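Right, one structure below, let's go through it.
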Amino acid sequence: MKWKTRVTELLQIQYPIIQGGLAYLAYADLAAAVSNAGGLGQITAMSLDNPEVLKKEIRRLKTLTDKPFGVNFAIGQHGRPYEDMLQAAVDEKVPVISMTGGNPAQILDYLKGTDVKKLVLTAAVRQAVKAEELGADAVMVVGQEGGGHLGRNDTGTFVLVPQTADAVSIPVIASGGIADGRGLMAALSLGAEGIEMGTRFIAVKECVHAHAAYKEALLKSTENDTAVIKRSIGAPARALSGSFTDKILQLEKESAGYDGLKDYISGEANKKYIYEGKAEEGFGWGGQAAGMIKDIPSAKELIERIAAEADAVRERWGTWKEVTK
Ligand SMILES: Cc1cc2nc3c(=O)[nH]c(=O)nc-3n(C[C@H](O)[C@H](O)[C@H](O)COP(=O)(O)O)c2cc1C
Numbered sequence: 551m552k553w554k555t556r557v558t559e560l561l562q563i564q565y566p567i568i569q570g571g572l573a574y575l576a577y578a579d580l581a582a583a584v585s586n587a588g589g590l591g592q593i594t595a596m597s598l599d600n601p602e603v604l605k606k607e608i609r610r611l612k613t614l615t616d617k618p619f620g621v622n623f624a625i626g627q628h629g630r631p632y633e634d635m636l637q638a639a640v641d642e643k644v645p646v647i648s649m650t651g652g653n654p655a656q657i658l659d660y661l662k663g664t665d666v667k668k669l670v671l672t673a674a675v676r677q678a679v680k681a682e683e684l685g686a687d688a689v690m691v692v693g694q695e696g697g698g699h700l701g702r703n704d705t706g707t708f709v710l711v712p713q714t715a716d717a718v719s720i721p722v723i724a725s726g727g728i729a730d731g732r733g734l735m736a737a738l739s740l741g742a743e744g745i746e747m748g749t750r751f752i753a754v755k756e757c758v759h760a761h762a763a764y765k766e767a768l769l770k771s772t773e774n775d776t777a778v779i780k781r782s783i784g785a786p787a788r789a790l791s792g793s794f795t796d797k798i799l800q801l802e803k804e805s806a807g808y809d810g811l812k813d814y815i816s817g818e819a820n821k822k823y824i825y826e827g828k829a830e831e832g833f834g835w836g837g838q839a840a841g842m843i844k845d846i847p848s849a850k851e852l853i854e855r856i857a858a859e860a861d862a863v864r865e866r867w868g869t870w871k872e873v874t875k
């Protein structure tokens with residue numbers, strides 16, 4: 551079956567499946583594997599030190615795939631200016647730029663008049679409407695089930711997607727809690743025209759930067775094995791739970807504030823776990839979809855499986871209602 555939605559058309563991809571920005575994990579290897587498999591792979595710009603390093607990584611990616619790919623920008627993350635990084639991506643003629651974590655107005659403005667396809671990741675209907683007004687080509691909406699940074703209102707994917715689809719005319723991409731073909735078909739039923747997955751793409755062979763302990767923890771997780779940290783400082787984000795996140799939650803209960811938390815929630819603490827597997831010294835982002843991860847396939851195996859599962863759902867739909875004339 552050939553997939554055709556406004557998302558596959560816009561991004562020129564075979565399947566309406568996007569690999570989300572994954573801080574410190576989404577480099578050329580993973581992005582190329584996803585794009586080569588017919589989805590949209592992405593490099594996460596803000597995990598790279600400077601524009602030159604970003605350019606190098608984009609060039610490396612271009613040697614690994616001739617398919618469309620994206621570069622993800624977390625606006626203002628790490629307090630680092632992103633303008634130079636953005637220019638580097640534009641110079642390298644990247645096909646797609648996705649952005650999140652702040653007001654996208656400046657980036658969207660900057661990209662006006664270029665051929666770059668602009669995706670904005672939001673967690674609220676109002677923000678999606680704003681993104682459309684500002685010139686986004688598509689909006690991704692992430693529900694509170696998702697891994698990594700979330701909206702502040704705990705809105706779930708199932709209510710966010712249809713309300714966003716009603717409110718905007720550009721295509722909607724559903725994100726948060728999706729890990730298989732059932733999730734893809736559910737998202738399409740809700741009015742989305744594609745999906746973005748973050749947590750599921752950590753547990754693939756080509757996510758080579760993720761430590762084996764992190765992948766193992768994803769395999770063992772149930773739907774209850776995540777925790778939302780950083781809520782007390784207005785930046786809720788979902789991580790795999792464990793003694794380190796327990797400690798963070800305890801500090802938050804004690805009103806530690808940003809200063810008391812900063813060493814525990816830093817990029818360094820994140821890397822301690824995801825690169826070195828040191829569960830006592832760091833944390834790894836992960837969403838509730840972790841409970842659905844049972845293996846570590848290649849990106850191609852995963853994407854083809856999701857497409858086959860989606861086909862199976864479509865066939866089952868046909869059996870649920872008797873058609874009479
Ligand atoms: C390990 C990890 C790191 C993430 N880093 C980023 C990031 O740097 N930029 C971004 O836009 N989103 C980031 N996200 C969010 C994902 O792109 C995606 O929106 C989210 O994971 C979707 O929910 P899911 O985990 O249920 O698939 C991250 C998610 C995870 C799990």
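Numbering (our numbering), first residue to last: 551 to 875. Note that CB positions come from ideal geometry on N, CA and C, so glycine has one too. For clarity, every value in this text was computed on a predicted model and none was experimentally measured.
Annotated three-state conformation of I593 is strand, per DSSP. Pairing L636 with F623 gives a Cβ-Cβ distance under 8 Å. In this chain, I657 is not harboured by any beta strand (DSSP E); it is covered by the alpha helix (DSSP H) spanning 655-661. P786 has its alpha-carbon roughly 22 Å from the corresponding atom of M842. Secondary structure note for E746: its beta strand (DSSP E) is the uninterrupted segment 744-747.
For the pair of segments examined, the segment 766-781 was found to touch the segment 832-847: the number of CB pairs separated by less than 8 Å reaches three.
Of all alpha-carbon atoms in A686, K680, D716, G807, the one lying nearest the alpha-carbon of S648 is that of A686. At a Cβ-Cβ threshold of 8 Å, A573 and E607 do not count as neighbours. The beta carbons of T749 and A729 sit closer together than 8 Å. Of the candidates L801, T705, G663, the residue whose Cα lies closest to the Cα of A673 is T705. Secondary structure within the segment 551-603: the alpha helix (DSSP H) runs of 4 or more consecutive residues, fully enclosed, are 556-561, 578-586 (chain order).
Counting C-beta pairs with one atom in each stretch, the segment 847-862 and the segment 773-789 have fewer than three that are closer than 8 Å, which means they do not touch. Judged by DSSP in its simplified three-state form, K828 adopts coil rather than helix or strand.
Within the chosen limit of 7 Å, ligand 1 reaches the beta carbon of T594 through at least one heavy atom. Cβ neighbours of Y814 within its own chain (closer than 6 Å, five residues either side excluded): I798.
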